[in-house]
Ligand SMILES: Nc1ncnc2c1ncn2[C@@H]1O[C@H](COP(=O)(O)OP(=O)(O)OP(=O)(O)O)[C@@H](O)[C@H]1O
Ligand SMILES: [Mg+2]
């Protein structure tokens with residue numbers, strides 16, 4: 114059950130900044146510490162940048178998570194880009210097809226509590242990550 | 021609208037009944053509280069005093085159909101009884117008992133007029149449930165606040181960041197570190213570096229018995245994050261077991277600044293800070 | 004959003020005002036390199052105090068800046084990384100290896116001055 118849903122269309126590097134700012138304020142609103150809000154904003158930045166770099170455009174959706182005994186935030190990054198042929202490889206530290214550091218996806222996984230990725234060549238990519246308030 | 025008015029009118033009648041029979045109903049309630057062995061942490065007198073206030077707030081909430089006063093009272097009550105070890109189920113329990121004591125007295129009063137009884141109960145039930153809910157939520161929130169506060173206090177105590185000299189911090193870690201504590205520790209150290217403008221930090225882990233891979237990773241991250249703030253970290257008291265764990269996760273111990281014991285660590289820190297050099301350079 | 008670059012003796016100081024976009028970062032990189040050449044600066048301080056997120060792109064750009072500036076014979080130091088930002092960076096795996104860091108502007112200047120002395 115969630116009460117808030119914020120969608121940010123991602124099509125340029127400006128949108129990356131917007132998405133992570135929205136993510137930070139939602140996290141703070143939900144009672145995350147500012148340290149956690151920074152982790153969440155950083156993860157959003159990575160996911161949004163991958164959309165711009167590899168798919169051209171897509172969307173970031175931010176939602177609150179209201180569990181029976183805990184509160185959290187979920188971030189969904191989705192695009193209709195080329196997709197990822199080998200997900201395991203993409204999740205490895207240092208793997209990059211763009212000559213970058215290859216830390217984005219594995220790093221996001223470390224920053225957040227839950228990480229799910231769904232991607233097929235030619236069908237786009239969807240990454241859902243969650244973090245729970247301690 | 022008509023329905024609303026009728027319900028208000030019924031509630032008024034109800035309130036009058038509860039006021040009239042205050043002494044007797046309150047006694048009955050207190051009786052059933054001790055029968056069901058709730059609030060055992062409190063004396064009979066205390067229970068009676070609190071019960072009186074709760075009863076009056078309860079009736080007032082029914083009368084005014086506003087819950088702010090009750091909410092404030094519930095919070096205040098919680099603040100007083102939480103340190104005594106009263107549990108959530110007890111608070112919810114006594115409010116539900118009161119609801120039932122009052123409902124029973126309504127049965128008794130209106131048993132001859134079944135229609136009226138039904139209408140009264142229809143008006144009473146939602147209000148009574150809201151009251152129970154308000155009190156329970158107030159209690160749980162207060163309890164959570166107290167627990168959070170206590171945890172904070174314990175954590176602050178168990179991870180002291182000591183400033184031994186200008187620009188030099190020591191973080192002696194003792195005991196078992198779980199990931200949560202490790203995180204707390206890092207955040208505290210990083211803040212400490214900033215506020216004390218520290219240039220060197222000695223993390224002493226002599227008192228750490230064991231370290232799993234997650235925590236070892238955390239230690240490495242702490243060292244790296246400190247450097248990002250411009251501080252050098254020296255790790256002292258590394259046991260062979262922990263050193264092995266670090267090697268296992270791929271840490272290059274040669275890159276990490278390690279010194280055998282705390283004393284040696286402090287000496288190296290002072291060299292890094294240039295204390296000796298300064299003393300020599302000082303004109304006499 | 005343009006990043007202002009201040010010249011203070013042999014040192015250039017670039018202060019990030021707020022959250023920067025990729026384009027801003029790229030612009031900063033070229034501006035810094037140009038000015039280092041133009042003023043024959045010996046040191047560059049990049050002050051990131053106001054940055055609330057340092058992701059892989061920003062981090063890579065800072066590394067590149069430090070690298071290119073070194074090729075021009077000058078030293079770079081990054082100052083003002085916030086504790087929370089530093090924590091997020093290392094979780095992500097960004098450690099700015101090979102790049103000098105200091106607590107704040109004052110420390111950064113002290114670091115560069117020390118360097119200049121030993122370089123002479
Ligand atoms: N949304 C996406 N669409 C298509 N491919 C993607 C997408 N996201 C990631 N990838 C692929 O997965 C690889 C790994 O991504 P990751 O974010 O971990 O590293 P990177 O973007 O290459 O480098 P860094 O994020 O460190 O700058 C990318 O190089 C790219 O090939
Ligand atoms: Mg990436």
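Residue numbers (the numbering used here), protein chains in the order written: chain A, 114 to 247; chain B, 21 to 304; chain C, 4 to 123.
Glycine included, each C-beta is placed from N, C-alpha and C at the ideal position.
Quiz item: When you compare each of A:233, A:237 and A:228 to residue 243 of chain A by their alpha carbons, which one comes out closest?
Solution: In the first chain, the residue the question calls residue 243 of chain A occupies position 130. Ranking A:233, A:237 and A:228 by Cα distance to residue 243 of chain A puts A:228 first.
Exercise. Note down, in chain order, each residue of its chain lying with its Cβ closer than 8 Å to the Cβ of residue 164 of chain B, except the 5 sequence neighbours on either side.
Key: Position 144 of the second chain holds residue 164 of chain B. Once the five neighbours on either side are set aside, residue 164 of chain B has no close Cβ partner at all.
Quiz item: Can you tell me whether DSSP reads residue 227 of chain B as helix, strand or coil?
Solution: In the second chain, the residue the question calls residue 227 of chain B occupies position 207. If DSSP states are grouped into helix, strand and coil, residue 227 of chain B belongs with the strands.
Quiz item: Taking buried to mean at least 16 other C-beta atoms within 10 Å of its own C-beta, is residue 199 of chain B buried or exposed?
Solution: The count along the second chain starts at 1 and reaches residue 199 of chain B at position 179. It counts as exposed.
Self-check item: Contacts around residue 187 of chain A, its chain only, beta-carbon distance under 6 Å, and the 5 residues preceding and following it disregarded
Solution: Walking along the first chain from the start, residue 187 of chain A turns up at place 74. Taken in chain order, the residues that qualify are 176, 178 and 243.
Practice problem: Can you have a look at residue 201 of chain A and say buried or exposed, based on whether 16 or more other CB atoms are within 10 angstroms of its CB? | Solution: For this step, residue 201 of chain A is matched to residue 88 along the first chain. Residue 201 of chain A is exposed by the Cβ-count criterion.
Quiz item: Is it a yes or a no for the segment 211 to 229 of chain A touching the segment 26 to 39 of chain B, going by three-plus beta-carbon pairs under 8 Å?
Solution: no
Practice problem: Output the distance between the C-alpha atoms of residue 75 of chain C and residue 43 of chain C, rounded to the nearest integer angstrom. | Solution: Sequence index remark: in the third chain, residue 75 of chain C carries index 72 (1-based). Sequence index remark: in the third chain, residue 43 of chain C carries index 40 (1-based). Distance between the alpha carbons of residue 75 of chain C and residue 43 of chain C: 9 Å.
Exercise. Look at the alpha carbon of residue 40 of chain C and the alpha carbon of residue 243 of chain B, and state the distance between them as a whole number of angstroms.
Key: To locate residue 40 of chain C, count along the third chain from 1; it is residue 37. To locate residue 243 of chain B, count along the second chain from 1; it is residue 223. Going by the C-alpha atoms only, they are around 35 Å apart.
Quiz item: Beta-carbon separation of residue 22 of chain C and residue 50 of chain C under 9 Å?
Solution: Here residue 22 of chain C refers to the residue found at position 19 when the third chain is read from its first residue. Here residue 50 of chain C refers to the residue found at position 47 when the third chain is read from its first residue. Result no, Cβ atoms of residue 22 of chain C and residue 50 of chain C do not sit closer than 9 Å.
Quiz item: Would you call the segment 42 to 51 of chain B and the segment 119 to 127 of chain B touching, i.e. three or more CB-CB distances under 8 Å?
Solution: yes
Exercise. In the DSSP assignment, find the alpha helix (DSSP H) that holds residue 148 of chain A and state where it starts and stops.
Key: Against the first chain, residue 148 of chain A aligns to sequence position 35. Here the alpha helix (DSSP H) through residue 148 of chain A covers 147 to 163.
Quiz item: Does ligand 2 have a heavy atom nearer than 8 Å to the CB of residue 163 of chain A?
Solution: Counting from one through the first chain, the residue named residue 163 of chain A turns up at place 50. Yes; taking the cut-off as 8 Å, the Cβ of residue 163 of chain A has a heavy atom of ligand 2 nearer than that.
Quiz item: residue 192 of chain A and residue 164 of chain A look like a contact to me (Cβ under 8 Å); what is the Cβ gap, rounded to whole Å?
Solution: For this step, residue 192 of chain A is matched to residue 79 along the first chain. For this step, residue 164 of chain A is matched to residue 51 along the first chain. Indeed, because the Cβ distance is near 5 Å, the residues count as touching under 8 Å.
Quiz item: residue 100 of chain C: which of C:20, C:13 and C:92 sits nearest, CA to CA?
Solution: If you number the third chain from 1, residue 100 of chain C lands on position 97. For residue 100 of chain C, the nearest C-alpha among the options comes from C:92.
Quiz item: For residue 217 of chain A, is the beta carbon positioned less than 8 Å from some heavy atom of ligand 2?
Solution: The residue labelled residue 217 of chain A in the question sits at position 104 within the first chain. Residue 217 of chain A: yes, Cβ under 8 Å from ligand 2.
Practice problem: Say whether chain B places a C-beta atom closer than 9 Å to the C-beta of residue 66 of chain C. | Solution: Position 63 of the third chain, counted from the start, is the residue given in the question as residue 66 of chain C. For residue 66 of chain C, the answer is no, since every Cβ of chain B falls outside 9 Å of its Cβ.
Self-check item: is_contact[residue 80 of chain C, chain A] using C-beta, thresh 9 Å
Solution: The sequence position of residue 80 of chain C within the third chain is 77, counting from 1. Chain A, which has no Cβ nearer than 9 Å to the Cβ of residue 80 of chain C, makes this no.
Practice problem: Compute every distance between the C-beta of residue 159 of chain A and the non-hydrogen atoms of ligand 2, then say whether any falls below 8 Å. | Solution: On the first chain, residue 159 of chain A is found 46 positions in, with the first residue counted as 1. Under cutoff, so the answer is yes.
Quiz item: Any heavy atom of ligand 1 within a distance shorter than 8 Å of the CB on residue 235 of chain A?
Solution: As a working note, residue 235 of chain A is residue 122 in the first chain. No; taking the cut-off as 8 Å, the Cβ of residue 235 of chain A has no heavy atom of ligand 1 nearer than that.
Self-check item: is_contact[residue 210 of chain A, chain C] using C-beta, thresh 9 Å
Solution: On the first chain, residue 210 of chain A is found 97 positions in, with the first residue counted as 1. With 9 Å as the cut-off, residue 210 of chain A does not count as an interface residue toward chain C.
Quiz item: Does at least one heavy atom of ligand 2 sit under 8 Å from the Cβ of residue 98 of chain B?
Solution: Counting from one through the second chain, the residue named residue 98 of chain B turns up at place 78. Because no heavy atom of ligand 2 lies under 8 Å away, the Cβ of residue 98 of chain B does not count as near it: no.
Quiz item: Would the beta-carbon of residue 246 of chain B be found less than 8 Å away from any heavy atom of ligand 2?
Solution: To locate residue 246 of chain B, count along the second chain from 1; it is residue 226. Answer for residue 246 of chain B: no, Cβ out of range of ligand 2.
Quiz item: Going along the segment 50 to 64 of chain C in order, which residues come within less than 9 Å of chain A, judged by CB to CB distance?
Solution: 55, 56, 57, 58, 59, 60, 61, 62 and 63
Practice problem: Starting from residue 245 of chain B, find everything on chain C with Cβ-Cβ shorter than 8 Å and list it in chain order. | Solution: By 1-based counting over the second chain, the position of residue 245 of chain B is 225. Those are 86, 89, 90, 92 and 93, listed as they occur along chain C.
Practice problem: Express the C-alpha separation of residue 257 of chain B and residue 298 of chain B in angstroms, rounding to a whole number. | Solution: For the purposes of this step, residue 298 of chain B is identified with residue 278 of the second chain, where counting begins at 1. For the purposes of this step, residue 257 of chain B is identified with residue 237 of the second chain, where counting begins at 1. A caution first: residue 298 of chain B carries a pLDDT of 45, below 50, which makes its placement in the model too unreliable to give a value.
Quiz prompt | Nearest to residue 254 of chain B (by Cα), restricted to the options B:290, B:234 and B:269 | solution = Residue mapping note: residue 254 of chain B aligns to position 234 of the second chain, counting from 1. Ranking the options by Cα distance to residue 254 of chain B, first place goes to B:290.
Quiz item: Going straight from the alpha carbon of residue 203 of chain B to that of residue 294 of chain B, what length do you get?
Solution: As a position in the second chain, residue 203 of chain B is number 183, starting the count at 1. As a position in the second chain, residue 294 of chain B is number 274, starting the count at 1. Answer to the nearest angstrom: the Cα atoms are 31 Å apart.
Quiz item: Would a C-beta distance cut-off of 9 Å place residue 81 of chain C and residue 69 of chain C closer than the cut-off?
Solution: For the purposes of this step, residue 81 of chain C is identified with residue 78 of the third chain, where counting begins at 1. For the purposes of this step, residue 69 of chain C is identified with residue 66 of the third chain, where counting begins at 1. Going by C-beta atoms, residue 81 of chain C is nearer than 9 Å to residue 69 of chain C.
Quiz prompt | Cβ-based neighbour list, residue 111 of chain B, same chain, cut-off 7 Å, excluding 5 preceding and 5 following | solution = Taking the second chain and counting its residues from 1, the one referred to as residue 111 of chain B is at position 91. 155, 156 and 159.
Quiz item: Who are the neighbours of residue 207 of chain B on chain C, taking C-beta pairs under 9 Å?
Solution: Sequence index remark: in the second chain, residue 207 of chain B carries index 187 (1-based). Residues of chain C passing the Cβ test: 86, 87 and 90.
Quiz prompt | Alpha-carbon to alpha-carbon, residue 212 of chain B and residue 205 of chain B | solution = As a first step, residue 205 of chain B must be located in the second chain, where it is residue number 185. As a first step, residue 212 of chain B must be located in the second chain, where it is residue number 192. Going by the C-alpha atoms only, they are around 10 Å apart.
Quiz item: Between residue 166 of chain A and ligand 4, is the CB less than 8 Å from at least one heavy atom?
Solution: Looking for ligand 4 in the displayed structure turns up nothing; the ligands present are ligand 1 and ligand 2.
Quiz item: Hey, would you say residue 80 of chain B sits closer than 9 Å to residue 97 of chain B, going by beta carbons?
Solution: Taking the first residue of the second chain as 1, we reach residue 80 of chain B at position 60. Taking the first residue of the second chain as 1, we reach residue 97 of chain B at position 77. No, these two residues do not count as a Cβ contact at 9 Å.
Quiz prompt | Opposing strand residues paired with residue 245 of chain A [DSSP bridges] | solution = What you label residue 245 of chain A is simply residue 132 of the first chain in a count that begins at 1. Looking at the DSSP assignment, residue 245 of chain A forms a beta bridge with A:185.
Quiz item: Would you say residue 132 of chain A touches ligand 1, meaning its beta carbon is less than 8 Å from a heavy atom?
Solution: Residue 132 of chain A sits at position 19 when you count from the first residue of the first chain. False, no ligand heavy atom lies under 8 Å from that Cβ.
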